[in-house]
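First the structure, in the form of C-alpha cells, and then the observations on it.
Chains as they are written, first to last, in the working numbering: chain C, 1390 to 1630; chain W, 406 to 478.
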C-alpha cells in the first residue's frame, strides 16, 4: 500500500491518495481535478510551486483586467491607469490567496474562490482611488438633490418635498451621530459605501450595519408620521390615508 | 424601478440580511450555486440572497464574480 501523501496548508490537512485522516478538512481527492491541481501545486515546493504561482498570477491578472474594464465606466478610468490598477489588484489578490490558502474549505472550485479575491481587490481599488467628488456636507442643497438622485419627476414636487422633509427630520431626530454621518454620505451624497468605509477607517460590514440600522429607524419614523405606508409590497409613497 | 420605489427599496430592511461579512465569505459558493440554479441558491442561502438584494457593493462583487466564472469556464 502506498504511503498517503499529506500536505498541510495552515490549519487544514489535505489528504493524498490513500489518506484516512478523519480530522482533516477538505479531501483533495474529492475535489474537481482543477482544484486538486491548484492545491497540490501551491503547497508543493520549489519549481512546481513557482510555476503554479506564475500561472495563478496570470489568471488573476486576466480577471482583474476584465473586471476593471467592466467597472471603469462608472469612474472614468481608462488606459494605462486602469491597467496599472489591474496589476496591483492581481498582485494583492495573489498575496491574499497564498496567505489564506489554509482557509479554503473546498466548498467551491478553487478558481471561483480565487477570483473572489481579485474581484474584491479591483472594486476596492477603483472605489478608493478613483471616486473623486467633493466632501459631503449636510446642507440644504445636498438634500434638495435627493429627489433627482432617485429620478423623481418635477410634477411630483409637492409629494417629494413632504417626504424629503420627513426623511431629514428623521435623520436629525432619530439617528446617532455615526448613523447620521453614514446615512447622509451614502444616501444624500451618493458616496460609495467602500469609499466611506476607507475614509472613516471602518470595514464594509461595519458601515453596512450602521446604514442598515439607520434605514430601519428612518423608515419606521416615516411610517409613524404617516408619510409612507407599512405594506411590505407595492409600497406607494405619499401621505398615507 | 422608478422614483419613490427606488428610495423605498433603499430604506427597506430585511431581517434575514446576512451583512457584508458573511455574504463576502460565502460569495464564491453562492455564485456557483446561482449559476446552476438561482432558485436553489436563494433557497439554500436566503440570508445571502437578502443581502445582495440590498447591498450595492456586494451585488457588484457578485456580478463581477459571475462574469469572471463565465469567462474562464
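Glycine included, every Cβ here is placed at the ideal spot set by N, Cα and C.
{"Asked": "Going by Cα to Cα distance, which pick from C/1577, C/1601, C/1602 and C/1571 is closest to residue 1588 of chain C?", "Found": "C/1571"}
{"Asked": "In the segment 414–425 of chain W, which residues sit with their C-beta less than 8 Å from some C-beta in chain C, listed in chain order?", "Found": "415, 416, 417, 418, 422, 424 and 425"}
{"Asked": "Within the 8 Å Cβ cut-off, does residue 1582 of chain C reach chain W?", "Found": "yes"}
{"Asked": "Starting from residue 1601 of chain C, follow the alpha helix (DSSP H) in both directions and report where the run begins and ends.", "Found": "1593–1613"}
{"Asked": "List the endpoints of the continuous alpha helix (DSSP H) containing residue 462 of chain W.", "Found": "461–477"}
{"Asked": "Give the residues of chain W in contact with residue 1512 of chain C, contact being defined as C-beta atoms less than 9 Å apart.", "Found": "462, 465, 466 and 469"}
{"Asked": "Alpha carbon to alpha carbon, how far is residue 1436 of chain C from residue 1596 of chain C? Give it in angstroms, no decimals.", "Found": "43 Å"}
{"Asked": "Rank C/1608, C/1580, C/1534 and C/1470 by C-alpha distance to the C-alpha of residue 1556 of chain C and give the top, closest one.", "Found": "C/1608"}
{"Asked": "Which residues in the same chain as residue 1586 of chain C place their Cβ atom closer than 8 Å to its Cβ, once the five residues preceding and following it in sequence are excluded?", "Found": "1592, 1593, 1595 and 1596"}
{"Asked": "Under a Cβ-count criterion, where at least 16 other Cβ atoms within 10 Å of its own Cβ denotes burial, should residue 456 of chain W be classed as buried or exposed?", "Found": "buried"}
{"Asked": "With residue 1572 of chain C as the anchor, note down where its alpha helix (DSSP H) starts and where it stops.", "Found": "1566–1572"}
{"Asked": "So residue 1445 of chain C and residue 1503 of chain C are supposed to be a Cβ contact under 8 Å. How far apart are they, rounded?", "Found": "7 Å"}
{"Asked": "Using 8 Å as the limit for Cβ to Cβ distance, is residue 472 of chain W near chain C?", "Found": "yes"}
{"Asked": "Is there a C-beta anywhere in chain W that falls below 8 Å from the one on residue 1509 of chain C?", "Found": "yes"}
{"Asked": "For residue 1411 of chain C, does the three-state DSSP call read helix, strand or coil?", "Found": "Since pLDDT at residue 1411 of chain C reaches only 39, below the 50 mark, its modelled position is unreliable, and the value read off the structure follows with that caveat. Reduced to three states, the DSSP call for residue 1411 of chain C is coil."}
{"Asked": "Please report the distance separating the alpha-carbon of residue 1411 of chain C from that of residue 461 of chain W.", "Found": "Only weak support exists for where residue 1411 of chain C lies, its pLDDT of 39 falling under 50; the coordinates are left without a value."}
{"Asked": "For residue 1425 of chain C and residue 1432 of chain C, what's the separation of their Cα atoms in angstroms?", "Found": "11 Å"}
{"Asked": "By DSSP, does residue 1487 of chain C sit in helix, in strand, or in coil?", "Found": "helix"}
{"Asked": "Please report whether the beta-carbon of residue 1539 of chain C lies at a distance below 8 Å from any beta-carbon of chain W.", "Found": "yes"}
{"Asked": "Name the chain W residues that come within less than 9 Å of residue 1426 of chain C, Cβ to Cβ?", "Found": "Chain W residues near residue 1426 of chain C: none, gap ~14 Å exceeds 9 Å."}
{"Asked": "Please list, in chain order, the chain C residues whose beta carbon lies closer than 8 Å to that of residue 476 of chain W.", "Found": "1451, 1452 and 1455"}
{"Asked": "With DSSP collapsed to three states, give me the class of residue 1419 of chain C.", "Found": "helix"}
{"Asked": "With H, G and I counted as helix, E and B as strand and the rest as coil, what does DSSP make of residue 1560 of chain C?", "Found": "helix"}
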